[in-house]
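What follows is a single structure, written as structure tokens, with notes after it.
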Amino acid sequence: MKASENQKFMSGDAIWRRPRLLTRKAVMLSSTLLLAISVSTPACSSKTLAELNSTSLSLIAKASADADVESADSGDNDLDSEDLKSSSQSASSKPPTESQNKQLQFKRQLIDTSIEETSAPQPAPEQSNTKSAAYLEHEARLSAPLKKLIQAPQIYDHSKGGSSEFSDAFLAAATEGAKNREDLLFMVENGSPAGKIYAAVLLRLIDSATGTKILNGFKSDKTLVNNKSYTSVEHFTMGEIATDLLSPTPSIILKPK
2 MKASENQKFM
12 SGDAIWRRPR
22 LLTRKAVMLS
32 STLLLAISVS
42 TPACSSKTLA
52 ELNSTSLSLI
62 AKASADADVE
72 SADSGDNDLD
82 SEDLKSSSQS
92 ASSKPPTESQ
102 NKQLQFKRQL
112 IDTSIEETSA
122 PQPAPEQSNT
132 KSAAYLEHEA
142 RLSAPLKKLI
152 QAPQIYDHSK
162 GGSSEFSDAF
172 LAAATEGAKN
182 REDLLFMVEN
192 GSPAGKIYAA
202 VLLRLIDSAT
212 GTKILNGFKS
222 DKTLVNNKSY
232 TSVEHFTMGE
242 IATDLLSPTP
252 SIILKPK
């Protein structure tokens with residue numbers, strides 16, 4: 002059997018058509034043999050010859066009819082195949098069902114867009130320098146040294162010598178004594194990081210318990226503060242500065258020597 006015929010025989014529709022094909026060939030062969038017998042046998046009576054011819058014609062007609070049926074069946078199978086293909090295409094062209102839409106929506110929800118959103122340039126928030134009326138009113142009542150210290154941009158470290166305008170303001174505020182207590186508490190709440198440290202140290206000079214408590218509260222503060230000295234500017238957190246000032250031998254000296 003040839004390879005192409007073998008593939009056709011093994012295909013799905015050829016499995017049931019193969020026996021019918023063999024039957025048709027057998028009928029054709031039988032009819033041919035009957036005709037040959039009738040021609041090669043002169044002694045055959047006319048009646049017998051007529052019967053043989055009739056049988057041969059019947060077999061040929063039956064074989065032709067079977068061939069037509071097989072052809073029709075093959076056409077039906079082709080039509081069935083086309084119908085299935087058309088049905089599949091029609092199904093694929095239909096709009097998705099509600100459940101399919103939900104699945105698609107769920108998949109889209111899994112797309113994480115947070116990276117794109119956070120990486121996009123964001124407008125800088127507006128910085129408000131407006132001070133409240135209550136703050137301005139209290140600031141106006143401060144003494145000149147405290148007005149200088151409340152929003153100080155840095156502390157001045159005298160451990161390496163030298164001095165600054167903040168050194169002079171610190172010494173002047175220290176001589177004013179206990180009358181500045183409420184103003185110093187106001188500075189602790191509303192001053193700059195450096196101003197809060199100056200206020201806590203000044204409070205400790207007039208009220209040791211309160212000043213120490215405030216400095217202990219600064220120990221966990223990670224805000225950076227400029228620590229300027231005669232030779233350099235260093236950066237320490239409020240917590241580091243408070244811890245140093247509370248030690249028995251602080252390395253940062255706010256009071257001029």
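Note that this note's numbering has the sequence shown beginning at 2, numbered continuously upward.
A virtual CB, placed ideally from N, CA and C, is assigned to each residue, including glycine.
None of these values were measured; they are calculated from a predicted model.
Output needed for residue i: all residues of its chain with C-beta closer than 6 Å, excluding positions within five of it in sequence on either side, in chain order.
i           : result
residue 173 : 146
residue 187 : 139
residue 204 : 185, 211 and 212
residue 247 : 216
residue 230 : 158 and 161
residue 208 : none
residue 59  : none
Tell me the DSSP bridge mates of residue i?
i           : result
residue 157 : 229
residue 183 : Partner(s): none; residue 183 has no beta bridge.
residue 235 : 228
So, at 7 Å on beta carbons, what are the nonlocal neighbours of residue i in its own chain, with the 5 sequence-adjacent residues on each side left out?
i           : result
residue 252 : 160 and 245
residue 220 : 240, 243 and 244
residue 249 : none
residue 232 : 161
residue 194 : 224, 226 and 239
Which residues in the same chain have their Cβ closer than 8 Å to the Cβ of residue i, if we skip the five residues on either side of it in sequence?
i           : result
residue 234 : 155, 227 and 228
residue 166 : 149
Could you give the distance in angstroms between the alpha-carbon of residue i and the alpha-carbon of residue j?
i           : j           : result
residue 157 : residue 175 : 15 Å
residue 192 : residue 152 : 5 Å
residue 257 : residue 198 : 16 Å
residue 196 : residue 168 : 12 Å
residue 141 : residue 148 : 8 Å
residue 200 : residue 179 : 12 Å
residue 164 : residue 236 : 18 Å
residue 206 : residue 181 : 11 Å
residue 218 : residue 131 : 27 Å
residue 136 : residue 225 : 24 Å
State yes or no: is the C-beta of residue i within less than 8 Å of the C-beta of residue j?
i           : j           : result
residue 255 : residue 202 : yes
residue 150 : residue 170 : yes
residue 214 : residue 238 : no
residue 144 : residue 183 : no
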